[in-house]
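All remarks here apply to the structure that follows.
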Amino acid sequence: MLSSLVLGPSIALRTRNLIFKRHNLLVSPPFSTGFWQSVYQCISRVTQEEVGEEKCHLIPKPIVSEEACNTEPCPAYWEAGEWSACSKSCGLGTQHRQVLCRQIYANRSTMVHPQRCAQLEKPNATQACQVQVCSRWEVRTNWSSCSVLCGTGHRTRHVRCVSNHGDLLRDSDCPGNHRPKTSEVCDMGPCVRTWFYSDWSNTCSAECGTGIQRRSVVCLSSAANGQVEENCAGTKPADMRACNGGPCQRVNRWYTGPWSPCSSDCSTGTQRRDLICVSKLGAEFNVTDASDCAHLEKPPSLQPCVGTSCEARWFSTAWSSCSRSCVGGVQVREVQCLTQNKTLSNLCPPDLKPIKKRPCNVQPCLLDLDENCRDKYHNCPVIVQARLCVYSYYKAVCCASCTHALERRHAGPSR
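Throughout the sequence shown, residue numbering follows the UniProt record's numbering, covering 1 to 415 in sequence.
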């Protein structure tokens, strides 16, 4: 009250409305021994808001104090180090790391006996690791034959990348600079041209007496490319030689001529042919009397026949009108097998039977478009794609696009 009287009424009132409010500030980090430090702020009693400290300069400021905290020792904890490099460069290996039990004393981390961390789950100190799969190149097959019979060609073999367990891997999993060759040049020696010839024909050109046997003779390269060459070394082997069919003896034989047309166009008739007795001596032929062939079985000179015009054929009617004007319809017709006498038959060849049905008018139906049916928006294709044409508003503002989409939907079954 004395200070208020000395300072005057207005100053005393303002001073009563102010107060120093205490806040505790943690000076040390958690889990270590430290202290709380008191901090005082000038606060308005009315608003409970902080005001400038200079406004409380007439009020005695409390002395800043410190109070010890976290005086209990911090709990122990496991500390895991970095993993070591994998023990193997390929395949399954092992990694190690150091795991220590530590505790903070006087703001310093100190290693303690592992028993202090017994209540905590200890991190793994080892783990399996694999940098990459162990792989190697495997030669799967032997070298193939050379691609040519002579000259320079190439040969190949199959090489693949496999794991140490024999599993097939990608080629990129094996070292490229150690891959065995899969192709190489092979030299079969110089190509030469020589004469090739077939066997002699089995028969002599003459049934009796002297005749000729033939064979094929060609000049080919040892490259065996099938092309006939020229300038083969040496004389060309003979492609003909004489042969002997034995002594010629006169032989009488019946010779037949061609059959005549059937005597009936559409019923049972007969066919005739000529028979002559021929005397043959080597390549010489002479017509002789029929009595010279009397000891031989005489071929028939007459045989029954049926006129070919009686054969059954397929008949069909005209095509019907198309069942639809658009989007695919069908036309049909009647097909019957008839004889020349116009009677039903089942003797027509099935593979020649005409079809009874065929498609027609496969084109899509065209809708009549109103000349005022136009797109009013530039993004009408998006409206169609979003299937919004079912709504009258979008159908009106995108009339052309929606109408064309409807055409395509109608035309769909015909495709």
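A virtual CB, placed ideally from N, CA and C, is assigned to each residue, including glycine.
Only a predicted model underlies this, so the values are computations on that prediction, with no experimental measurement involved.
In this structure, leucine 18 sits away from tryptophan 78, with a CB-CB distance that is not shorter than 7 Å. Excluding the 5 residues flanking it on each side, arginine 97 has same chain C-beta neighbours closer than 7 Å at Ala80, Gly81, Glu82, Trp83, Ser84, Ala125, in chain order.
For tryptophan 143, the closest of Trp137, Arg157, Val131 by C-alpha to C-alpha distance is Arg157. The alpha helix (DSSP H) runs lying completely inside the segment 71-110 and spanning 4 residues or more number zero.
Straight-line spacing of the CA atoms in isoleucine 43 and glutamate 66 works out to 21 Å. Two segments are said to touch when three or more pairs of C-beta atoms, one from each, lie closer than 8 Å; by this definition the segment 201-209 touches the segment 237-247. Between glutamate 50 and glutamine 41, the beta carbon gap of about 5 Å places them in contact (Cβ cut-off 8 Å). Collapsing the DSSP output to three states places tyrosine 394 in a helix. Cβ-Cβ separation between proline 190 and cysteine 146: approximately 14 Å, too far for a contact (criterion under 8 Å). When C-beta atoms of the segment 311-318 are compared with those of the segment 278-285, fewer than three pairs fall below 8 Å, so the two segments do not count as touching. Counting only unbroken stretches of 3 or more residues, the beta strand (DSSP E) elements lying wholly within the segment 130-166 are 135-139, 152-156, 159-163, in sequence order.
Boundaries around cysteine 337 are those of the beta strand (DSSP E), 335-338, since no alpha helix (DSSP H) includes it. Per DSSP, isoleucine 355 lies in no beta strand (DSSP E) and is assigned neither H nor E. Within a 10 Å sphere around the beta-carbon of alanine 118 sit fewer than 16 other beta-carbons, which makes this residue exposed. Secondary structure note for proline 350: it is in no beta strand (DSSP E), with a DSSP letter that is neither H nor E. Collapsing the DSSP output to three states places serine 260 in coil. Taken atom to atom, the span from the alpha-carbon of valine 390 to that of aspartate 167 is near 58 Å. For arginine 408 and proline 364, the gap between their C-alpha atoms comes out near 8 Å. The beta carbons of tryptophan 137 and arginine 179 sit closer together than 7 Å.
Secondary-structure assignment with DSSP links isoleucine 212 through a beta bridge to Ala242.
Counting along the chain, the unbroken beta strand (DSSP E) around cysteine 219 starts and ends at 217-221. Per DSSP, the continuous alpha helix (DSSP H) segment holding isoleucine 383 begins and ends at 380-385. Taking a contact as a CB-CB distance under 8 Å, the pair glutamine 331 and arginine 358 counts as one, their CB atoms being some 5 Å apart.
The beta carbon of cysteine 232 is closer than 7 Å to those of Arg193, Thr194, Trp195, Cys219 in its chain, skipping five residues each way along the sequence. Under DSSP, lysine 21 takes part in a beta bridge, and its partners are Gln41. Under the three-state reduction of DSSP output, lysine 55 falls in the helix class. The three-state reading of DSSP puts glycine 234 in coil, since its state is none of H, G, I, E or B. Note that the C-beta distance between cysteine 134 and glycine 93 is not below 7 Å. Here lysine 376 has Val397 as same chain residues with Cβ atoms under 6 Å from its own Cβ, once five neighbours each way along the sequence are excluded. In the DSSP assignment, glutamine 271 falls within the unbroken beta strand (DSSP E) covering 268-272. Sorting Ser183, Gln127, Cys56, Gln103 by C-alpha distance to the C-alpha of threonine 141 places Ser183 at the top. Collapsing the DSSP output to three states places glycine 176 in a helix. In terms of CA proximity to aspartate 292, Leu275 leads the group Leu302, Leu275, Pro300, Gly307.
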